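According to the numbering used here, the sequence shown is numbered sequentially starting from 1. Positions of the beta carbon are idealized from the N, C-alpha and C atoms, including for glycine. All values derive from a computational prediction rather than experimental measurement. Reading through the C-alpha cells given below for one structure.
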Amino acid sequence: MGLISIIIQIIVIAIVSKITPTMLTNLNFNTILSAICQYILPIPLFYFMIKKVKKTKIEKHKITIKKFIIFICISITLMYIGNYIGLGITEIISLVKQSSVLNPAVNLIENSNILINLFLISIIAPIFEEFFFRKLLIDRTIQYGAKISIFISAFMFGLFHGNLNQFFYAFLLGGFFAIVYIKTGNIIYPIILHIITNFSGSVVPTTMRNVISTFGNTPEGIIINLIYTVILAILFIIGLIFIYKWKDKIIELKDNIENPLKTSLINIGMICFIIFCVIEIIYVIIK
Numbered sequence: 001m002g003l004i005s006i007i008i009q010i011i012v013i014a015i016v017s018k019i020t021p022t023m024l025t026n027l028n029f030n031t032i033l034s035a036i037c038q039y040i041l042p043i044p045l046f047y048f049m050i051k052k053v054k055k056t057k058i059e060k061h062k063i064t065i066k067k068f069i070i071f072i073c074i075s076i077t078l079m080y081i082g083n084y085i086g087l088g089i090t091e092i093i094s095l096v097k098q099s100s101v102l103n104p105a106v107n108l109i110e111n112s113n114i115l116i117n118l119f120l121i122s123i124i125a126p127i128f129e130e131f132f133f134r135k136l137l138i139d140r141t142i143q144y145g146a147k148i149s150i151f152i153s154a155f156m157f158g159l160f161h162g163n164l165n166q167f168f169y170a171f172l173l174g175g176f177f178a179i180v181y182i183k184t185g186n187i188i189y190p191i192i193l194h195i196i197t198n199f200s201g202s203v204v205p206t207t208m209r210n211v212i213s214t215f216g217n218t219p220e221g222i223i224i225n226l227i228y229t230v231i232l233a234i235l236f237i238i239g240l241i242f243i244y245k246w247k248d249k250i251i252e253l254k255d256n257i258e259n260p261l262k263t264s265l266i267n268i269g270m271i272c273f274i275i276f277c278v279i280e281i282i283y284v285i286i287k
C-alpha cells in the first residue's frame, strides 16, 4: 500500500505540475492531494490484494454509553502520553543533531485551513485508517491470537505515520482501537474514537489558541484557558485510572502460535514494510 501510494503521488504530481504548477506551492491543496493519493486512490488495489487472505469473523457486542465515554477518556490519555514520549525522543535527537526534527503533523495543523483539518484529519483519515489497520488487518491476523493481532495492528499503524513524533501515540492508540474492535466486533466504535481523538488533537487546540489569543491576557482569556486545562486534566486522569483498572484484561489474552512476535515480524512482507517505514522516518529526522 505504501509503494502504491508513492507511485500514485508521483503520477498525480506530474500531471498537476503540467496543468497548474503553482498549485503545488499551496499547502491546503497539497494536503488534499496527499489524502487522495494516500487513502482514496490506493483503496481498490489494496483491498484486491488483501481480500484473498483468509479472514475470521469477529463476534459483535454492543457497549454502553458510559463505557464508550470511558473509552474516549482512555484514547485522549494515550494520545497525550504517546505525544510526550515522541516529543521527548525527538528533542533528544534535535540536541544531538543540533537542529530541530520536523514534526509534519504540527506543520500541517498549524498552517492548513481549519476546515481542511476538520474534514481530512478528523474525518477522512480515521475512517480509512481504521478500515485498513483494524478491520482488514485484524480480521486476517486474529486467527493467530488477540495479543499478536493487537500488536501487529498497533505497530504497523505507528510505522505507517512515517515519523517519530507520531509513531508513539499512533502505536498506543492503534493498540487500544484494536482492543476495542476485537472486544466489540464493530469497526464503527474505533472509527468514532479515532475521529474524536484526532479532532481533540488538531481542531480543538487550534481553535482554543485562536480564542485565547483573541482575548489575550484578560480575565476572560485566563478563565477560558483554565477551564480548557481543567477539562483536559479530568479526562486524562479518568483515562489513566481505567487504563490501570483494565490492564489485567489485556494480559489475559492468549496467542494461538509459539513465538508470536518472531512469526509475525520475521517474514519478507513485514521486513520490507519495516524497512520502507524506517527509511521514511530517517528521512524526516535528517531533513
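Exercise. Straight-line CA distance for T197 to A14?
Worked result: The residue given as residue 197 occupies position 197 in the sequence shown. The residue given as residue 14 occupies position 14 in the sequence shown. Whole-angstrom Cα-Cα distance: 34 angstroms.
Problem set entry | Simplified DSSP state of G221, which is helix, strand or coil | Taking the first residue of the sequence shown as position 1, residue 221 is located at position 221. It is helical.
For this session: Please classify Q166: is it buried, with 16 or more other beta-carbons within 10 angstroms of its beta-carbon, or exposed?
Result: The residue labelled residue 166 in the question sits at position 166 within the sequence shown. Looking at its Cβ environment, which holds 16 or more other Cβ atoms inside 10 Å, Q166 is buried.
Problem set entry | Strand pairing of D139, partner residues [DSSP] | Taking the first residue of the sequence shown as position 1, residue 139 is located at position 139. Bridge partners of D139: none, in fact.
For this session: May I ask you to verify whether the region 176-196 touches the region 217-234, counting CB pairs closer than 8 angstroms and requiring at least 3?
Result: no
Exercise. Can you give the Cα-Cα distance for I179 and I114, rounded to whole angstroms?
Worked result: For the purposes of this step, residue 179 is taken as residue 179 along the sequence shown, with counting starting at 1. For the purposes of this step, residue 114 is taken as residue 114 along the sequence shown, with counting starting at 1. Spanning the two alpha carbons is a distance of roughly 31 angstroms.
For this session: In angstroms with no decimal places, state the Cα-to-Cα distance between T77 and V12.
Result: The residue labelled residue 77 in the question sits at position 77 within the sequence shown. The residue labelled residue 12 in the question sits at position 12 within the sequence shown. Cα to Cα, T77 sits roughly 38 angstroms from V12.
For this session: List the DSSP bridge partners of G145.
Result: Your numbering for residue 145 matches position 145 in the sequence shown. Note: G145 sits in a beta bridge opposite D255.
For this session: Measure from the alpha carbon of K147 to the alpha carbon of each residue in F160, I271, I123 and F177, then state which is nearest.
Result: In the sequence shown, the residue the question calls residue 147 occupies position 147. Comparing Cα-Cα distances from K147 to each of F160, I271, I123 and F177, the minimum goes to F177.
Exercise. Can you tell which of Q143, I150 and G201 has the C-alpha that lies nearest to the C-alpha of E130?
Worked result: In the sequence shown, counting from the first residue as 1, residue 130 sits at position 130. The option with the nearest alpha carbon to E130 is I150.
Exercise. Would you report the Cα separation of F71 and P190, rounded to the nearest angstrom?
Worked result: Position 71 of the sequence shown, counted from the start, is the residue given in the question as residue 71. Position 190 of the sequence shown, counted from the start, is the residue given in the question as residue 190. C-alpha separation (whole angstroms): 9 angstroms.
Problem set entry | T56 - DSSP class collapsed to helix/strand/coil | By one-based count along the sequence shown, residue 56 stands at place 56. It is coil, neither helix nor strand.
For this session: Tell me whether K247 sits in a helix, a strand or coil according to DSSP, three-state version.
Result: As a first step, residue 247 is located in the sequence shown; it is residue number 247 there, counting from the start. Three-state result, K247: helix.
Exercise. Hey, A154 and F171: beta-carbon distance below 7 angstroms or not?
Worked result: Locating residue 154 in the sequence shown gives position 154, where the first residue counts as 1. Locating residue 171 in the sequence shown gives position 171, where the first residue counts as 1. Closer than 7 angstroms, so yes.
For this session: Look at the Cβ atom of I124, then the Cβ atom of N28, and state whether they are nearer than 7 angstroms.
Result: Sequence index remark: in the sequence shown, residue 124 carries index 124 (1-based). Sequence index remark: in the sequence shown, residue 28 carries index 28 (1-based). Result no, Cβ atoms of I124 and N28 do not sit closer than 7 angstroms.
For this session: Check each candidate in I19, L159 and T141 and name the one with the smallest Cα separation from V53.
Result: As a position in the sequence shown, residue 53 is number 53, starting the count at 1. Nearest C-alpha to V53: T141.
Exercise. Which whole-angstrom value describes the C-beta separation of T90 and L164, a residue pair presumed to lie in contact below a C-beta threshold of 8 angstroms?
Worked result: Your numbering for residue 90 matches position 90 in the sequence shown. Your numbering for residue 164 matches position 164 in the sequence shown. 5 angstroms between Cβ atoms; contact.
Exercise. Going by the beta-carbon positions, is the gap between F242 and I74 smaller than 7 angstroms?
Worked result: For the purposes of this step, residue 242 is taken as the residue at position 242 of the sequence shown. For the purposes of this step, residue 74 is taken as the residue at position 74 of the sequence shown. Their beta carbons are under 7 angstroms apart, which means F242 touches I74 by this criterion.
For this session: Taking only beta-carbon positions, decide if I234 is within less than 7 angstroms of chain C.
Result: The structure shown contains no chain C; it is built from a single protein chain.
Exercise. For Q38 versus S17, is the C-beta distance shorter than 7 angstroms?
Worked result: Residue numbering aside, residue 38 sits at position 38 when the sequence shown is read from its first letter. Residue numbering aside, residue 17 sits at position 17 when the sequence shown is read from its first letter. The answer is no: Cβ separation not under 7 angstroms.
Problem set entry | Span of the alpha helix (DSSP H) around T207 | Position 207 of the sequence shown, counted from the start, is the residue given in the question as residue 207. Taken as a continuous stretch (DSSP letters only), the alpha helix (DSSP H) holding T207 covers V203 to F215.
Exercise. Should L3 be labelled buried (16 or more other beta-carbon atoms within 10 Å of its own) or exposed?
Worked result: As a working note, residue 3 is residue 3 in the sequence shown. So L3 counts as exposed.
Exercise. Going straight from the alpha carbon of T218 to that of Y228, what length do you get?
Worked result: On the sequence shown, position 218 is the one that residue 218 refers to. On the sequence shown, position 228 is the one that residue 228 refers to. Approximately 16 angstroms between the Cα atoms of the pair.
For this session: Put T20 into one of helix, strand or coil per three-state DSSP.
Result: Position 20 of the sequence shown, counting from 1, holds the residue named residue 20. Coil, per DSSP.
Exercise. Where does N113 fall in DSSP's three states?
Worked result: Position 113 of the sequence shown, counting from 1, holds the residue named residue 113. N113 falls in the coil class under three-state DSSP.
Problem set entry | Supposed close pair L120, I32 - CB separation, criterion 8 angstroms | In the sequence shown, residue 120 corresponds to position 120, counting from 1. In the sequence shown, residue 32 corresponds to position 32, counting from 1. Correct: roughly 7 angstroms between the Cβ atoms.
Exercise. If you count every other CB in all the chains shown that lies within 10 Å of the CB of A105, and 16 or more means buried, which is it?
Worked result: For the purposes of this step, residue 105 is taken as the residue at position 105 of the sequence shown. It counts as buried.
For this session: Quick one: measure Cβ to Cβ for F48 and M1, integer angstroms, because I've assumed they're closer than 8 angstroms.
Result: Start at 1 with the first residue of the sequence shown, and residue 48 comes out as number 48. Start at 1 with the first residue of the sequence shown, and residue 1 comes out as number 1. Incorrect: roughly 11 angstroms between the Cβ atoms, too far for contact.
Problem set entry | N103 - DSSP class collapsed to helix/strand/coil | Within the sequence shown, numbered from 1, the residue matching residue 103 stands at position 103. Reduced to three states, the DSSP call for N103 is coil.
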